[in-house]
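Enquirer: Before anything else, here's the structure in question.
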Amino acid sequence: MSPAFEKHLNLLDYALSSLWRRKMKNLGIITVFAGVIFLVASFQILTSSLTSIAETMLAKTPEIVVQKMSAGRQESIPLSYLNRLDGVFGIRAAVPRIWGYYFDETSGANYTVMGVERNAMPEGQRLEMVIDGSYPDAEPGGAALGREVAANMNLAGRRTFSLFRPDLSLKTLRITGIFAESTNLLTGDLLVTSLDDARDLFAIPDNLATDLLVYVTNPNEISTIAKKIAARLPDTRVLTRPQILKTYKVVFGWRSGFASICLLAALAAFAILAWDKASGLSVEEKREIGILKVLGWQTTDILTLRYWESLTVAGLAFLIGCTAAYFHVLFLEGSLFRPVLLGWSVIHPSLKILPVFAAGDVLLIFTLSVLPYLAATVIPAWRCSTISPDAAVK
Amino acid sequence: MMIELESVNKIYNQGQPNEVQALYDVDLVIEANSMVCLRGASGSGKSTLLSIIGCILPPTSGRATVAGKQLSRLPDRFMTIHRRQTIGFIFQQFNILPDLTVQENISLPLLPLGVSPEERRMRAKVLIERLGISHRQNFPAGQISGGELQRVAIARALINDQPIILADEPTAHLDTKLSKEFLQIMVDLKKTGKTIIIASHDPLVTEKPEIDRIIDVTDGRVDVS
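The listed protein sequences correspond, in order, to chains X and L.
Following this note's numbering, the numbering of the first sequence begins with 1 at its first residue and continues without gaps.
Following this note's numbering, the numbering of the second sequence begins with 1 at its first residue and continues without gaps.
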């Protein structure tokens, strides 16, 4: 083994024994530091996981949604617009959809009601979300419910429920199926009926729908076809699946970013604390540096020693914080921060979240936590180790 | 010769209101394999002189040559290397790290040299046995007696087999018996070819027959007898 490598092993060995000698103080630092890293990493993992779920779920939604706009606001779209799409090359199918929000006064929750004719949708694109039961295809008065809606309604074994029409008359629906938990991000607050039942519930005239769903033959042509539709229907807003996915990412990213800024302040406070601690080296620590210098340790040796000490503390805190964050998302489904990212609502989608921790996320957290700590501890040690050994020993 | 000082001055805090001159035009030659005592009262400048000889402090002016190297020309980094190759220190307060074991304290100078743990242990063991503290080798230094601490400090000064041993008031915290034992160890070391320089005003040291020379230090000036 080369003397240079042996020297580093010796210094690492000494650094570890030095940390052990001050174990209570160092355990305290590791605990606080790991806690801050845990918070930042939890947000990062949760954001990545939710974005990944959104990507998976949105793969099953229509490629293009056409909404009619009037004075900058969305309004119902005439079914005659479907005829105006005839002849747009690349459209596989176009179907109307009715959807809206239903406020349940009993629980104070808002449900999203969606009415579609699944049989008119192309094979392989009929929502295709995992369901316990069946979709209310040709059965009038049927409804498939999101898991959270079903729980919120307190059905207690009943297979029917009633909702109020705008004129306060009751519309009774029969439960045909409950969406699987894995689809909760999209279906948690969802109630799917046939087009006619949704029309009846919201009292929407027969010649109108909320929007049109357009399915394309070649997914690579989505943006081209969207442009053609926009040209044919200038009073509409044409939304594509990639745009919707981007919106999800922006929402999660914004929320995560906002929270991360708050947590970065905590991280910065910790770095300042570490700096303060390290620059205010105790008399014992200064004396130790002085003794080591008199015994022939160079400034670089002392810096290497402090570097190993700091790297051990920061590395351990980083590992503990990141591991805890991973398990927080895996086993507790990020329960500490989920409301921040998913929004506050009476109905909360209870998702089975699989942690996504990309290399970029690890690098980002490492850069934001470990490197500032190294700087905050090694620089003051350098300042101290450059003083004369004579002064340090005295 | 092992050490040569020519017109060496040392001024602390030069140019500041609290400026203090500790040494005035010191001329001194110390031969190799000699045992020398720097004698003087507290504050006379003998510790400063010892620090300059020990490559801890550079002189403000003048020329200091230790083991063939002129210190005033050496950058800090090389002064450190020269110090660890040449000088073994024994301090008045021992300067032992109390949380480390006796063996770890003795091995400290070897760590940055890349000496393997086995060799460190072996070298330390030889010295520990030679100085009669084998029964304490795995004890934390904070738990052993003053006399034993002194021996740990001596072992640490010898671990790298440096040719010069400097001792600053080594008997100040020892009783008569331990002081005599310490001086006997120094005499034995001299016989192995080491150059020994002891700063002290303890009569036990200054009147020791084996001392080759007494150098009086008074108010920063040196009187070579």
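All residues carry an ideal CB built from backbone N, CA and C; glycine is no exception.
If you compare alpha carbons, which of L:L23, L:S42, L:V20, L:I30 is closest to H201 (chain L)?
Expert: The option with the nearest alpha carbon to H201 (chain L) is L:S42.
Enquirer: Using the rule of at least 16 other Cβ atoms within 10 Å of the residue's Cβ for burial, across every protein chain shown, is T172 (chain X) buried or exposed?
Expert: It counts as exposed.
Enquirer: Could you give the DSSP three-state label for D99 (chain L): helix, strand or coil?
Expert: In this structure, D99 (chain L) counts as coil in the three-state DSSP scheme.
Enquirer: Considering only C-alpha positions, which residue in the set X:Y215, X:S194, X:F164 is nearest to L145 (chain X)?
Expert: Looking at the Cα atoms, X:S194 is the closest of the given residues.
Enquirer: Does the distance from the CB of D211 (chain X) to the CB of V113 (chain X) come in under 8 Å?
Expert: Contact flag unset, no.
Enquirer: Does the distance between the C-beta of R232 (chain X) and the nearest non-hydrogen atom of the ligand FAD fall short of 7 Å?
Expert: Among the components of this structure there are no ligands whatsoever, and the ligand FAD is therefore not found.
Enquirer: In chain L, what lies closer than 9 Å to I291 (chain X) by C-beta?
Expert: Those within 9 Å of I291 (chain X) in chain L are F91, N95, I96, L97, L108.
Enquirer: Unbroken alpha helix (DSSP H) runs of length 4 or more, entirely within the stretch 7-73 of chain X: which are they?
Expert: Runs of the alpha helix (DSSP H) inside the stretch 7-73 of chain X: 23-58.
Enquirer: For a contact meaning CB atoms closer than 8 Å, what does G68 (chain L) contact in chain X?
Expert: Under the 8 Å cutoff, chain X gives no residues; its nearest Cβ is about 18 Å from G68 (chain L).
Enquirer: Please report the residue range of the beta strand (DSSP E) in which W308 (chain X) lies.
Expert: Note, W308 (chain X): premise wrong, no beta strand (DSSP E); alpha helix (DSSP H) at 299-332.
Enquirer: Checking the sheet assignment: what are the DSSP bridge partners for T240 (chain X)?
Expert: Answer is X:I64.
Enquirer: Starting from E129 (chain L), trace the alpha helix (DSSP H) both ways and give me its first and last residue.
Expert: 117-130 is the extent of the alpha helix (DSSP H) around E129 (chain L).
Enquirer: Is any beta-carbon of chain L found at less than 8 Å from that of E6 (chain X)?
Expert: Closer than 8 Å: yes.
Enquirer: Using the C-alpha atoms, what's the distance from E123 (chain X) back to I347 (chain X)?
Expert: Confidence is the limiting factor: at I347 (chain X) the pLDDT is only 49, short of 50, which leaves the residue's position unreliable and the question unanswerable from this model.
Enquirer: Run through chain L and tell me which residues come within less than 8 Å of L295 (chain X), C-beta to C-beta.
Expert: Chain L residues near L295 (chain X): R84, F89, L108, P109, R156.
Enquirer: What are the boundary residues of the beta strand (DSSP E) that includes K171 (chain X)?
Expert: It spans 170-179 - the beta strand (DSSP E) in which K171 (chain X) sits, taken as one unbroken run.
Enquirer: From the DSSP secondary-structure annotation, give me the bridge partner or partners of K69 (chain L).
Expert: According to DSSP, which records beta bridges pairwise, K69 (chain L) is partnered with L:V66.
Enquirer: Please give the ranges of any beta strand (DSSP E) in the stretch 7-35 of chain L, keeping only runs that are unbroken, at least 3 residues long and fully inside the region.
Expert: Taking only runs of at least 3 residues, the beta strand (DSSP E) segments lying wholly in the stretch 7-35 of chain L are 20-30.
Enquirer: Using a threshold of 8 Å, state whether the C-beta atoms of S49 (chain X) and L354 (chain X) are closer than that.
Expert: Going by C-beta atoms, S49 (chain X) is nearer than 8 Å to L354 (chain X).
Enquirer: In three-state terms, what does DSSP make of A375 (chain X)?
Expert: Of the three classes helix, strand and coil, the one that applies to A375 (chain X) here is helix, per DSSP.
Enquirer: Counting only Cβ pairs nearer than 8 Å, list the residues of chain X close to P112 (chain L).
Expert: Near P112 (chain L) (Cβ distances below 8 Å), the residues of chain X are K7, N10, L11, G296, W297, Q298, D301.
Enquirer: Using a Cβ-Cβ cut-off of less than 7 Å, give me the residues of the stretch 48-66 of chain L that come near chain A, in sequence order.
Expert: Going by chain labels, chain A is absent from the structure shown, which instead holds the protein chains X and L.
Enquirer: Going along chain L in order, which residues have a C-beta closer than 7 Å to the C-beta of R21 (chain X)?
Expert: Near R21 (chain X) (Cβ distances below 7 Å), the residues of chain L are D99.
Enquirer: Within 8 Å of any Cβ in chain L, is that where the Cβ of Y307 (chain X) sits?
Expert: So, not an interface residue.
Enquirer: Is it the case that the stretch 309-327 of chain X contacts the stretch 362-372 of chain X, given that we only count it when at least three CB pairs across the two stretches are under 8 Å?
Expert: Touching, yes.
Enquirer: Since T86 (chain L) and P163 (chain L) are thought to touch, with beta carbons under 8 Å apart, how far apart are those beta carbons, to the nearest angstrom?
Expert: Between P163 (chain L) and T86 (chain L) the Cβ distance is about 6 Å, and since that is below 8 Å, they are a contact.
Enquirer: If you draw a straight line from the alpha carbon of I30 (chain X) to that of E309 (chain X), how long is it in whole angstroms?
Expert: Using only the alpha carbons, I get a separation of about 12 Å.
Enquirer: Closest by CA to L201 (chain X), which one among X:P140, X:G28, X:G334, X:L292?
Expert: The option with the nearest alpha carbon to L201 (chain X) is X:P140.
Enquirer: Spatial neighbours of G147 (chain L) within its chain, please: C-beta separation below 6 Å, excluding the five flanking residues on both sides.
Expert: If we look at G147 (chain L) and ignore the five residues flanking it on each side, its Cβ neighbours are L178.
Enquirer: Taking the beta carbon of A4 (chain X) as the centre, do at least 16 other beta carbons fall within 10 Å, making it buried, or is it exposed?
Expert: Burial call: exposed.
Enquirer: Evaluate the contact criterion for the stretch 212-230 of chain X versus the stretch 158-176 of chain X: three or more CB pairs, one atom per stretch, below 8 Å.
Expert: No, because fewer than three Cβ pairs between the stretch 212-230 of chain X and the stretch 158-176 of chain X fall closer than 8 Å, the two stretches do not touch.
Enquirer: I53 (chain X) to E117 (chain X), Cα distance in whole Å?
Expert: Cα-Cα distance, rounded: 26 Å.
Enquirer: Among X:A71, X:P234, X:Y215, which has the Cα closest to the Cα of R97 (chain X)?
Expert: Closest option to R97 (chain X), Cα to Cα, is X:Y215.
Enquirer: Shorter than 8 Å from the beta carbon of S226 (chain L) to some beta carbon of chain X?
Expert: No information on residue 226 (chain L) is available, as it lies outside the stretch 1 to 225 that chain L covers here.
Enquirer: Could you tell me which chain L residues have their CB closer than 7 Å to the CB of E288 (chain X), listed as they occur along the chain?
Expert: Going along chain L in sequence order, the residues near E288 (chain X) (Cβ under 7 Å) are L97.
Enquirer: Can Y102 (chain X) and L163 (chain X) be called in contact, C-beta distance under 8 Å?
Expert: For Y102 (chain X) and L163 (chain X), yes; Cβs fall inside 8 Å.
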